[in-house]
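Trainee:
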Amino acid sequence: MNPENLSPFGHKLLDRRGFMRNTAFSLGGLGLAQLLGAEAEDDPLNFTGKSPIRPEIDPDNPYVRRPSHFEAQAKKVLVIYCPGAVSHVDTFDYKPDLYKFHGQKPPGIPAVTFEGPTGNIAKPFWDFKPRGECGKMISDLLPNLGSHADEFCFIHSLHTQTSAHPQGENFMNTGFTMEGFPSFGAWV
5 MNPENLSPFG
15 HKLLDRRGFM
25 RNTAFSLGGL
35 GLAQLLGAEA
45 EDDPLNFTGK
55 SPIRPEIDPD
65 NPYVRRPSHF
75 EAQAKKVLVI
85 YCPGAVSHVD
95 TFDYKPDLYK
105 FHGQKPPGIP
115 AVTFEGPTGN
125 IAKPFWDFKP
135 RGECGKMISD
145 LLPNLGSHAD
155 EFCFIHSLHT
165 QTSAHPQGEN
175 FMNTGFTMEG
185 FPSFGAWV
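Going by my numbering, the sequence shown opens with residue 5, and the numbers climb by one from there.
(1) For the segment 64–149, which segments carrying the alpha helix (DSSP H) assignment without a break, of at least 4 residues, lie completely within its bounds, in sequence order?
(2) So is residue 150 buried or exposed if we call it buried at 16+ other beta carbons inside 10 Å?
(3) Can you list, in chain order, the residues of its chain whose CB lies under 6 Å from that of residue 173, leaving out five sequence neighbours each side?
(4) Please state whether the Cβ-Cβ distance between residue 144 and residue 127 is less than 9 Å.
(5) Expressed to the nearest angstrom, what Euclidean distance is found between the alpha-carbon atoms of residue 124 and residue 22?
(6) Who are the near neighbours of residue 18 in its chain, counting only those whose CB is closer than 8 Å to its CB and skipping five residues on each side?
(7) Distance check for residue 186 and residue 97, CA to CA, integer angstroms please.
(8) Excluding five sequence neighbours on each side, which residues of the same chain lie with their C-beta closer than 7 Å to the C-beta of residue 99?
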């Protein structure tokens, strides 16, 4: 440890990140105290001390559906998740740089990785065109689906740091690379 970060007694001094972490924990504790205090004020004689946030979990059936914290806004959710389906860069995910760097090695990536030699960048096999009033770029592979572009919700903001497909699939659906967590479809 850097001696500049130690007090004269050898204790670690509080740095900016530690200060922010301690502040967040303190504010979280104040918020929790407020929530628990509000429940106790409602019925102080029958206060159980149980959290108003965490639902009751039946140990005999822990995966049974529990009541929601809030009334659901969505009435129907259709999640189309197709592992092993056609590539996103050939259908809905227009990336103009793929045309620009077609046939070249990807920059910043070793020529050989644990998976073997790194291949060249390849452009999509189909051309993209703006579809619908929104102008969403959809490939010619899906012309009929492209005519309904204004009725879809496209989410392109999900990213993961893993290149392994099984862990990446878990992360995209649950926010965790490990198995055993509820998917976003279960939460909606």
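Cβ coordinates follow ideal geometry from the N, Cα and C atoms, glycine included. Source: prediction; values computed, not measured.
Mentor: The answer reads as follows:
(1) 101–104
(2) Stepping through the sequence shown from its first residue, residue 150 is reached at position 146. Flag for residue 150 reads buried.
(3) For the purposes of this step, residue 173 is taken as residue 169 along the sequence shown, with counting starting at 1. Cβ neighbours of residue 173 beyond the five flanking positions: 87.
(4) Working through the sequence shown from its first residue, we reach residue 144 at position 140. Working through the sequence shown from its first residue, we reach residue 127 at position 123. Not closer than 9 Å, so no.
(5) Counting from one through the sequence shown, the residue named residue 124 turns up at place 120. Counting from one through the sequence shown, the residue named residue 22 turns up at place 18. Cα-Cα distance, rounded: 44 Å.
(6) Numbered from 1 along the sequence shown, position 14 holds the residue referred to as residue 18. If we look at residue 18 and ignore the five residues flanking it on each side, its Cβ neighbours are 26.
(7) The residue labelled residue 97 in the question sits at position 93 within the sequence shown. The residue labelled residue 186 in the question sits at position 182 within the sequence shown. Cα-Cα distance, rounded: 26 Å.
(8) By one-based count along the sequence shown, residue 99 stands at place 95. Taken in chain order, the residues that qualify are 93.
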